[in-house]
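Heads up, the thing below is written out as structure tokens.
In this note's numbering, the protein residues as written are 17 to 124.
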């Protein structure tokens, strides 16, 4: 239900390489790719706003003066539409000085 709560930051912490990482946990399947992308876009916009507004430093002081990074953790592999979205999202987000990546995690 993580995408159903676009205003919520799912996880935040410091990575071993020193980044302040905001993780978006995407447990939704890709049955409706257009809707999925729209929900991802809304949540990622919230994550970027959280970083740019400085709220990240107030909510998580340990992250102050560390480079921000957004990681999307997916339960299901995206279709081509999703891969295209992530490619464009990476370009847009990294242009703002925020690292970005996505990865599929399989249970089991």
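Think of the CB as a built atom: it goes at the ideal place given N, C-alpha and C, for glycine as much as any other residue.
- Between residue 105 and residue 60, the C-beta gap is smaller than 8 Å, which places the two residues in contact.
- Excluding the 5 residues flanking it on each side, residue 26 has same chain C-beta neighbours closer than 7 Å at 18, 39, 40, 41, in chain order.
- Residue 102 and residue 72 have their alpha carbons spaced roughly 23 Å apart.
- If you draw a straight line from the Cα of residue 70 to the Cα of residue 81, it is about 11 Å long.
- Per DSSP, residue 39 is one residue of the beta strand (DSSP E) stretching across 36–42.
- Taking the C-beta atoms as reference points, residue 37 is found nearer than 8 Å to residue 87.
- Using a Cβ distance threshold of 8 Å, residue 79 and residue 114 do not count as a contacting pair.
- Its chain contains 19, 20, 22, 44 as the residues whose beta carbon lies nearer than 8 Å to that of residue 55, once the 5 sequence neighbours on both sides are disregarded; these appear in chain order.
- Within the DSSP secondary-structure output, residue 102 pairs in no beta bridge.
- In the structure shown, residue 85 falls within a strand segment according to DSSP collapsed to helix, strand and coil.
- DSSP links residue 120 through a beta bridge to 90.
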